[in-house]
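A short worksheet on the structure shown next.
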Amino acid sequence: DTGVSQNPRHKITKRGQNVTFRCDPISEHNRLYWYRQTLGQGPEFLTYFQNEAQLEKSRLLSDRFSAERPKGSFSTLEIQRTEQGDSAMYLCASSLATIGREGEQYFGPGTRLTVT
Amino acid sequence: AQKVTQAQTEISVVEKEDVTLDCVYETRDTTYYLFWYKQPPSGELVFLIRRNSFDEQNEISGRYSWNFQKSTSSFNFTITASQVVDSAVYFCALRGMDTGRRALTFGSGTRLQVQP
Numbered sequence: 808d809t810g811v812s813q814n815p816r817h818k819i820t821k822r823g824q825n826v827t828f829r830c831d832p833i834s835e836h837n838r839l840y841w842y843r844q845t846l847g848q849g850p851e852f853l854t855y856f857q858n859e860a861q862l863e864k865s866r867l868l869s870d871r872f873s874a875e876r877p878k879g880s881f882s883t884l885e886i887q888r889t890e891q892g893d894s895a896m897y898l899c900a901s902s903l904a905t906i907g908r909e910g911e912q913y914f915g916p917g918t919r920l921t922v923t
Numbered sequence: 002a003q004k005v006t007q008a009q010t011e012i013s014v015v016e017k018e019d020v021t022l023d024c025v026y027e028t029r030d031t032t033y034y035l036f037w038y039k040q041p042p043s044g045e046l047v048f049l050i051r052r053n054s055f056d057e058q059n060e061i062s063g064r065y066s067w068n069f070q071k072s073t074s075s076f077n078f079t080i081t082a083s084q085v086v087d088s089a090v091y092f093c094a095l096r097g098m099d100t101g102r103r104a105l106t107f108g109s110g111t112r113l114q115v116q117p
């Protein structure tokens, strides 16, 4: 059972450029989450998918951010017109809707974004 | 609104000492889950435990134990006979269940350093 994988692991971009990150969840997990983590802080929720439906979005997810999960498997997170404040670790997690394991989210290694 | 407070920013202990990490939470939900995650230097968040708000029974898993007290809104984590490999940042998290939201609310973490 492979874990959650994320690509790329690191991304350096110039302000104003667009970036896209990919997350591959644990294969049987139907729920997928994106979080953002800045230095010295805990992860902050961005958005949640159940299968291909995006069911929850945080106020942190500005219009420049968009996430998709087209076939209910992998997901992409795109940031348009990046700003220096977008520099952070972007974490993906997945979970399975199973009685007794409700809410247990398993995290990937993250994509570290640096905007110069 | 939900909030998780981990007042201890950093703790340093010597190997074999016991250490307790504090977590205090706020929620208006009558049903909720509490979690602890470990983030080692490699960066990937590792799920440790989930606790249902209905279940105040303390739990022990090897050197780890958790003390959930609803009366004080606390969910503290104790490591007995700490080891160097326990060095990591530990996060407490909360998920309210009343509105069906899936997001986890994390505390800011406690960095534990175990010296040999």
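These protein sequence lines are chains A and B, in that order.
Per the numbering used here, residue 808 is the first one in the first sequence, and the count goes up by one each step.
Per the numbering used here, residue 2 is the first one in the second sequence, and the count goes up by one each step.
Yeah, the Cβ is synthetic: ideal placement off N, Cα and C, and Gly gets one too.
Can you find a C-beta in chain A that's less than 8 Å from the C-beta of residue i?
i, result
"PHE55 of chain B", "no"
"GLY97 of chain B", "no"
"GLU27 of chain B", "no"
"TYR91 of chain B", "no"
"ALA104 of chain B", "yes"
"SER109 of chain B", "yes"
"GLU11 of chain B", "no"
"ARG52 of chain B", "no"
"LEU46 of chain B", "yes"
By the three-class DSSP mapping on this structure, what secondary structure does residue i have?
i, result
"GLN861 of chain A", "strand"
"LYS71 of chain B", "helix"
"GLN84 of chain B", "coil"
"GLN891 of chain A", "helix"
"THR21 of chain B", "strand"
"GLN9 of chain B", "coil"
"LEU846 of chain A", "coil"
"THR28 of chain B", "coil"
"ILE906 of chain A", "coil"
"GLN3 of chain B", "coil"
"ASN77 of chain B", "strand"
"ARG919 of chain A", "strand"
"GLU885 of chain A", "strand"
"ASN825 of chain A", "coil"
For a cutoff of 8 Å on Cβ pairs, would you count residue i as touching chain B?
i, result
"PHE872 of chain A", "no"
"GLN848 of chain A", "yes"
"TYR897 of chain A", "no"
"ARG838 of chain A", "yes"
"GLY917 of chain A", "yes"
"PHE828 of chain A", "no"
"PHE852 of chain A", "yes"
"GLU890 of chain A", "no"
"GLU863 of chain A", "yes"
Inspect the beta-carbon positions of residue i and residue j and report whether they are closer than 8 Å.
i, j, result
"LYS818 of chain A", "THR918 of chain A", "yes"
"PHE785 of chain A", "ARG843 of chain A", "In this structure chain A extends from 808 to 923, so residue 785 of chain A is not present and cannot be described."
"THR111 of chain B", "GLN7 of chain B", "yes"
"LEU34 of chain B", "GLY910 of chain A", "The residue asked about is misnamed: residue 34 of chain B is Tyr in this sequence, not Leu. Yes, the pair counts as a contact, with Cβ atoms nearer than the cut-off."
"THR902 of chain A", "HIS836 of chain A", "Per the sequence shown, residue 902 of chain A should be read as Ser rather than Thr. Yes, the Cβ-Cβ distance between SER902 of chain A and HIS836 of chain A is below 8 Å."
"CYS899 of chain A", "VAL826 of chain A", "no"
"LEU868 of chain A", "SER894 of chain A", "no"
"LEU113 of chain B", "LEU22 of chain B", "yes"
"ARG52 of chain B", "PHE76 of chain B", "yes"
"GLU57 of chain B", "LYS39 of chain B", "no"
"SER66 of chain B", "TYR26 of chain B", "no"
"VAL922 of chain A", "GLN887 of chain A", "no"
"PHE48 of chain B", "TYR913 of chain A", "yes"
"THR81 of chain B", "ASP19 of chain B", "yes"
"TYR897 of chain A", "PHE828 of chain A", "yes"
"VAL85 of chain B", "PRO42 of chain B", "no"
"GLY849 of chain A", "PHE69 of chain B", "no"
Starting from the beta carbon of residue i, find every residue of chain E whose beta carbon is closer than 8 Å, and list them in chain order.
i, result
"GLU835 of chain A", "No chain E appears in this structure, whose protein chains are A and B."
Query raised in the report: On the three-pair Cβ rule with 8 Å, is the stretch 858-867 of chain A touching the stretch 3-19 of chain B?
Result: no
**Report entry** Against chain A: residues of the stretch 60-89 of chain B by CB proximity under 9 Å
**Finding:** none
Query raised in the report: Relative to chain B, which residues along the stretch 902-913 of chain A have a C-beta separation below 9 Å, given in chain order?
Result: SER902, ARG908, GLU909, GLY910, GLU911, GLN912 and TYR913
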